[in-house]
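Here this note's numbering is used: the first residue of the sequence shown is 6, the next is one more, and so on. Don't be surprised by glycine CBs; every beta carbon is placed ideally from N, CA and C. Below is one structure, written out as structure tokens; comments come after it.
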Amino acid sequence: GFHVIVLMLPLLFSRDVYSYAYYGRIVSTYGGNPYVLTPSDFPLNGLWHLTWPGWRETPSVYGPLFTWMSALMTRVIKKPTEVVASFQLLAALASLGTVAVVGRLVQKVRPERAAFAIAMIGCNPIVVYHVVGGGHNDILVAFFVACAVSFLFARRELLAAISLALGMSVKASAVVPLVLLVVAIVANAPPERRRRVLAMYGAVIAGVWLALALPFLQWTNPTLGLMEVSGHDSWMAPGQLIVRIASGVGGLIGGDPFREPAATAARILLFTLSLAAVIAIGHRIWTSVQARTPEAMAAAWGWAFLAITLPSPVLFTWYLVWALPLAWMMPKIARRGMVILSAFFVVTQLVTETSRLPTYLQTVRLPFGHPIAIAVCVWVGADFVRRIRRGTPLEAETDEPAFGDAFEAGTGRGAARPLSLDLELVEPAPIETAELFPAVVPVEAPAPLPEAVPADVA
């Protein structure tokens with residue numbers, strides 16, 4: 006229902022969809038390579054004034070599969086309004102498909118969390134308003150991740166790898182769970198067959214990606230935009246605060262020439278932290294058989310997505326969507342952290358053109374941006390570090406109290422006692438007669454009557 010309502014609305018919160026269409030037109034209309042050419046090379050196109058100025062001189066940062074999808078859509082659809090509607094419809098279909106795949110899986114393996122799993126995607130305000138309303142392609146990544154998890158529970162590892170390879174061909178972020186999957190598959194193989202298994206899966210994954218990317222490969226931008234996106238920043242990211250602090254300290258120490266090197270060093274530090282977390286997860290998977298079960302793998306993928314998004318200086322609201330199909334398998338602190346971020350990040354971008362708002366309205370992002378995101382990042386990160394140090398399974402619940410326990414259990418102060426139709430039979434206590442009636446007072450027996458004495462009769 007929410008998806009249908011949003012599809013009736015105009016474009017919401019983001020202008021990325023115009024960049025999608027522009028890159029598609031570079032292929033379908035101009036016959037160019039969007040990983041080399043940029044919208045600024047075709048300024049007479051009708052999408053020029055609609056595209057965000059910061060992205061007009063940027064080549065595509067999206068995977069080859071999505072580039073082909075954009076090219077196909079812009080070849081068939083010409084009007085900008087209809088192009089926007091087509092990307093919104095694609096996002097809605099991918100969202101509903103993700104809900105269907107996740108819902109069916111959770112009903113089988115963890116039915117008590119089915120409602121949470123479905124609501125976390127289908128009723129999530131980020132998905133409904135930012136992703137579907139903005140036509141973002143991140144939900145396609147979530148769909149392929151959901152399919153991969155479903156294949157993993159069905160013990161069809163090759164199809165899971167192909168699904169993640171397709172997700173990687175939409176956005177490079179899907180390479181993280183793909184690498185962890187390959188680590189698990191190789192670790193499960195007998196030692197003498199591991200090289201052969203690695204070569205086979207490497208060939209399949211490379212074949213899928215090359216079949217889509219081969220027409221776009223060149224030496225000018227060999228990573229197909231991966232290095233380009235790493236140079237962008239997001240003000241709502243917790244890591245961005247660290248970058249700005251480092252830049253300020255560099256300016257105080259050496260003046261303006263030291264600001265950019267200090268900021269770059271901070272970005273490298275944050276990237277190193279994310280990489281270390283993913284390596285720790287991979288090491289756990291390689292060394293522990295229990296960490297290679299489908300349940301443990303699903304949680305590991307979720308933790309890995311959080312590790313590459315929360316500390317990153319490049320964090321947009323819709324990036325959280327990548328991990329949503331895995332939230333149902335994660336422990337309570339990670340689940341609650343994702344719920345909190347979903348609730349508060351949705352208001353960090355109230356309109357597309359925030360720069361045109363009055364100053365006092367632009368500052369609305371502050372209470373919901375850095376402070377809450379930083380608190381959640383520290384909270385979730387501390388739980389992750391504890392699990393790695395103690396060897397606690399990444400999917401396991403612990404007995405340690407955590408924020409939200411009382412709310413989730415419904416036992417907080419003032420919480421109403423749940424109603425129950427179950428009758429509790431209690432054995433009645435025995436009734437003591439002496440408690441109901443006064444004791445009988447004994448009556449003394451009367452004295453015997455004197456015996457009659459016979460009288461003499463004269």
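Secondary structure at residue 337: helix, using DSSP grouped into helix, strand and coil. Contact annotation: residue 177 and residue 213 have beta-carbon atoms that are not nearer than 8 Å. In terms of Cα proximity to residue 302, the closest of 344, 230, 150, 247 is 150. Your pair residue 85 and residue 108 does not check out as a contact, with CB atoms roughly 35 Å apart and the cut at 8 Å.
Taking all protein chains in view, the Cβ of residue 308 is crowded by 16 or more other Cβ atoms within 10 Å, so the residue is classified as buried. Assigned with DSSP and collapsed to three states, residue 73 falls in helix. Between the alpha carbons of residue 402 and residue 288 lies a gap of roughly 21 Å. Look at residue 113 here: in three-state DSSP terms it is helix. DSSP places residue 212 in the helix class (H, G or I) of the three-state scheme. Beyond the five residues adjoining it in sequence on each side, residue 343 comes within less than 6 Å, by CB distance, of 332 in the same chain, given in chain order. Residue nearest to residue 7 within the set 172, 400, 137 is 137 (criterion: CA-CA distance). Residue 155 and residue 314 have their C-alpha atoms spaced approximately 23 Å apart. Across the structure, residue 200 and residue 254 are spaced so that their CA atoms are roughly 48 Å apart. If you draw a straight line from the Cα of residue 272 to the Cα of residue 66, it comes to about 19 Å. Per DSSP, reduced to three states, the secondary structure at residue 386 is helical. Residue 185 places its beta carbon 8 Å or farther from that of residue 384. Nearest neighbour of residue 159 by Cα position, chosen from 278, 277, 110, turns out to be 110.
Apart from the 5 residues on each side of it in sequence, residue 121 sits with its Cβ closer than 8 Å to the Cβ of 332, 333, 340 in its chain, given in chain order. Sequence-distant partners of residue 378 (beyond 5 residues in either direction) whose C-beta falls short of 6 Å from its own C-beta, in its chain, are 243. Closest in alpha carbon position to residue 147, among 87, 329, 71, 347, is 329.
Distance between residue 174 and residue 70, taken at the CA atoms: about 5 Å.
A distance of 8 Å or more separates the beta carbons of residue 318 and residue 346.
In the three-state reduction of the DSSP assignment, residue 268 falls in the helix class. For residue 82, no alpha helix (DSSP H) segment is defined, and its DSSP state is neither H nor E.
Assignment of residue 302 by DSSP, reduced to helix, strand and coil, places it in the helix class. Residue 44 and residue 245 have their C-alpha atoms some 27 Å from each other.
The residue among 279, 145, 41 with its C-alpha nearest the C-alpha of residue 95 is 145. The alpha helix (DSSP H) runs lying completely inside the segment 127 to 176 and spanning 4 residues or more are 143 to 158, 162 to 173, given in chain order.
Look at residue 183 here: in three-state DSSP terms it is helix.
In the structure shown, the three-state DSSP call for residue 39 is coil. Between residue 206 and residue 11, the C-beta spacing is not below 8 Å. The three-state reading of DSSP puts residue 291 in helix, counting H, G and I together.
Straight through space, the alpha carbons of residue 106 and residue 119 are spaced by roughly 11 Å.
Distances from the alpha-carbon of residue 41 to those of 247, 48, 28 put 28 closest.
Its chain contains 322 as the residues whose beta carbon lies nearer than 6 Å to that of residue 350, once the 5 sequence neighbours on both sides are disregarded; these appear in chain order.
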